[in-house]
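One structure below.
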Amino acid sequence: MAQSDNEPARPAGGEAARLRDRIDRGETGDKVDFSDPSAAPLGTDDEAGTNSVDPAQLRHAKAAETAHGPTKGAAKHVAETDKAGPADLQRSRHPAWMPWAAVAVIVVAVALYLMGGS
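Residue numbers (full-length UniProt numbering): 1 to 118.
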């Protein structure tokens, strides 16, 4: 979609935020669906210097990030699903009976050891 000469230039800040969200959701193919707080977000330096993101830099970043395609199992668009928070990601995937089964195995092993030792 080409921008006409009499249209005002649209700030790229929103576009940078959308690309950053796509990267965090794993839609660009280079990571899993998880926020990466340790990485400097796209456009951070420009915004800190009170400049908008350069559209040419944004196009280059978008092309580089989306060249791989979505990661397998990448999340759907944010409007379609809620992002999983840290508490959701840290929940155990083991069934609730698993710890009790481990305790039962230990009790049986100790009982057999004590019976065999006397």
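Built from N, CA and C at the ideal position, the CB exists for glycine as well.
Worksheet item: Which of helix, strand or coil does DSSP assign to Asp54?
Response: By one-based count along the sequence shown, residue 54 stands at place 54. Coil at Asp54, not helix or strand.
Worksheet item: According to the Cβ coordinates, are Ala17 and Leu58 closer than 8 Å?
Response: Sequence index remark: in the sequence shown, residue 17 carries index 17 (1-based). Sequence index remark: in the sequence shown, residue 58 carries index 58 (1-based). Not closer than 8 Å, so no.
Worksheet item: Helix, strand or coil: how does DSSP classify Thr28 here?
Response: In the sequence shown, residue 28 corresponds to position 28, counting from 1. Correct three-state label for Thr28: coil.
Fill in: Inter-residue spacing [alpha-carbon to alpha-carbon] between Val110 and Trp97
As a position in the sequence shown, residue 110 is number 110, starting the count at 1. As a position in the sequence shown, residue 97 is number 97, starting the count at 1. Taking the straight line from one Cα to the other gives about 20 Å.
Fill in: Where Trp97 sits in the DSSP three-state scheme
As a working note, residue 97 is residue 97 in the sequence shown. Of the three classes helix, strand and coil, the one that applies to Trp97 here is coil, per DSSP.
Item to complete: Compute the beta-carbon to beta-carbon distance between Leu19 and Ala61, rounded to the nearest angstrom, for a pair I have assumed lies under 8 Å.
Response: Against the sequence shown, residue 19 aligns to sequence position 19. Against the sequence shown, residue 61 aligns to sequence position 61. Cβ atoms of Leu19 and Ala61 come within 8 Å of each other, at about 7 Å.
Fill in: Residue from Thr66, Leu112, Tyr113, Met115 whose Cα sits closest to the Cα of Asp24
Counting from 1 along the sequence shown, the entry for residue 24 is found at position 24. Closest option to Asp24, Cα to Cα, is Thr66.
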